[in-house]
Every structure is written in C-alpha cells, then in structure tokens.
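Residue numbers (this note's numbering): 10 to 255.
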C-alpha cells in the first residue's frame with residue numbers, strides 16, 4: 010500500500026461519516042419531535058377545568074396544548090398566564106414542579122409547547138386543577154406525558170459528526186505531508202531504454218557471381234571516367250583487362 014493510499018481512504022471515510030451523521034441528526038430531531046414524543050401519554054385537562062389522571066412515578070412533562078388558526082409567526086406559541094394545582098393521592102408526597110419552557114411543535118393546526126416538568130414520587134391517581142387567561146385560544150388544555158426516550162440521539166449524531174470532521178482534518182494534513190515528502194533518487198545505473206532482441210535469421214545468403222563482379226567494376230570505371238579520374242584511353246584499357254581481352 011502506497012503512503013498516499015491511507016490518507017485518501019481516511020478522507021473518504023470521514024466524508025461519508027459527516028454525511029451520515031448530518032442526516033442522522035436531522036432525522037433524529039424530526040422523530041423526537043413528531044414520533045417519539047408522547048406529550049399527552051397520561052391524558053389532558055381542559056383550561057379551566059379539573060380531572061383525575063393516573064401518573065407514574067418519575068418525570069412527567071406538562072405542555073400547553075391548543076388549536077391555532079394560521080401560523081405562530083415564527084416566534085413560537087405564546088404561553089398565557091396559567092395556574093395549575095396537583096393534588097396527590099392520600100399518603101403520597103406533593104409533586105415537585107419546575108418551570109421548563111420548551112420549543113413549539115406544530116402539526117397542521119395543532120400546537121403545543123412544554124411549560125413545566127413535574128417529578129412524581131409515587132404513581133397513583135392525581136387530581137389536576139387548571140385555570141388561566143386563555144380566552145384568545147381554541148380548546149386550550151394541559152397535556153401530561155413524557156419526552157422521547159431517544160432524546161440523546163441527536164447529540165450522539167452531533168458527536169459523530171465532530172469525530173468525522175477531526176478525521177477529515179487529520180487526513181488532509183497527512184496527505185499534504187505525503188505530497189511534500191522527498192522522493193528517493195535511484196543510485197544504480199539507469200535502466201535501458203531499449204532492448205536488443207535476437208538477430209533475425211537470414212533465410213537466403215547471396216554469393217555474387219563472376220559476371221556480377223565484372224559488371225560492378227565496369228560501373229565503377231564508368232563513374233571514374235565520367236568524373237574525369239580516367240581518360241577514355243585508360244577506361245578502354247581497363248575495360249579490356251576486365252573482360253579478358255574480349
């Protein structure tokens with residue numbers, strides 16, 4: 010494996026991890042808000058009004074729930090002045106109620122926002138009393154339920170995204186160092202740029218005949234005469250000699 014392969018693979022894995030974590034973060038937020046959030050799991054009480062609800066021990070979310078016409082103008086659902094009382098069953102301690110304003114969740118014309126969180130010491134039938142200045146709201150009520158059991162999932166996705174970003178930075182720094190690293194220079198003789206193959210076999214050998222030799226010699230004599238190296242007399246004398254007096 011070449012030195013440049015590892016940072017390249019790490020870059021790909023980091024990029025895929027960032028994409029998956031980003032998509033998972035968005036999906037987790039949507040599921041927690043619209044699917045896993047059981048804001049009215051234990052029932053609802055109209056405002057003003059009273060009702061008895063069976064509440065479990067532990068943390069119970071209390072949300073203001075109403076119908077709206079149009080949108081909330083991007084500022085969230087306005088929370089009116091609300092009053093609430095919780096009467097525990099005989100022998101049970103009073104619930105501990107803490108204010109916990111959450112974000113507005115709107116589905117079609119149905120809107121809700123978390124207002125309080127109650128810590129219930131013992132499960133049982135609790136008498137709920139509500140009141141408030143809710144004349145401007147349609148079907149106002151308090152919903153008792155619990156949040157998503159996967160509330161930490163978006164944060165896990167965010168942590169995975171951060172790890173992927175760190176991995177991507179490491180991969181890019183590593184790749185830059187690999188590119189800047191000096192390459193080794195070969196110390197031996199340079200490799201041959203060509204190879205000499207086998208000498209091709211000669212299929213037929215040519216042996217010149219005596220007449221062929223005379224013809225070549227006559228051509229040479231004619232060339233010498235034409236260039237002035239031989240006179241006509243010398244040319245005729247040499248020609249007779251080559252032809253054997255013929």
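We put the CB at the ideal spot given by N, CA and C, even for glycine.
Please read all numbers here as calculations on a predicted model, not as lab measurements.
Look at the Cβ atom of residue 135, then the Cβ atom of residue 95, and state whether they are nearer than 8 Å. yes
Below 7 Å, is the gap between the Cβ of residue 18 and the nearest heavy atom of the ligand NAP? Questions concerning the ligand NAP fall outside what the structure shown contains, since it holds no ligand whatsoever.
Do three or more CB pairs link the region 162-176 to the region 32-49 at distances below 8 Å? yes
Does DSSP classify residue 239 as helix, strand or coil? coil
Along the chain, where does the alpha helix (DSSP H) containing residue 165 start, and where does it finish? 162-189
Relative to the alpha-carbon of residue 133, which residue among 227, 62, 47 and 253 has its alpha-carbon at the smallest distance? 62
Given that a residue counts as buried once 16 or more other Cβ atoms are within 10 Å of its Cβ, and exposed if not, what is residue 72? buried
Any idea what DSSP makes of residue 40, helix, strand or coil? helix
State yes or no: is the C-beta of residue 59 within less than 8 Å of the C-beta of residue 138? yes
Compare the beta carbon distance of residue 153 and residue 49 with 8 Å and say whether it is the shorter of the two. yes
Do residue 128 and residue 111 have their beta-carbon atoms positioned less than 8 Å apart in this structure? no
Assign residue 14 to one of three DSSP states: helix, strand, or coil. helix
Whole angstroms is fine: what's the gap from residue 66's alpha carbon to residue 187's? 60 Å
Any idea what DSSP makes of residue 246, helix, strand or coil? helix
Roughly how far, in whole angstroms, is the beta-carbon of residue 233 from the beta-carbon of residue 248, given that I think they are within contact range, below 8 Å? Their Cβ separation, rounded to whole angstroms, is 11 Å, which puts residue 233 and residue 248 out of contact at 8 Å.
Cut-off 6 Å between Cβ atoms - residues of its own chain near residue 76, not counting five sequence neighbours on either side: 118, 147 and 148
Use the C-beta contact count for residue 78: other C-beta atoms within 10 angstroms, 16 or more gives buried, fewer gives exposed. exposed
Based on Cα-Cα distance, which residue from 92, 98 and 115 lies nearest to residue 125? 92
Would you report the Cα separation of residue 20 and residue 176, rounded to the nearest angstrom? 7 Å
Give the C-beta separation of residue 56 and residue 144 to the nearest angstrom, bearing in mind that I take them to be a contact with Cβ-Cβ under 8 Å. The pair is not a contact, with the Cβ atoms about 10 Å apart (cut-off 8 Å).
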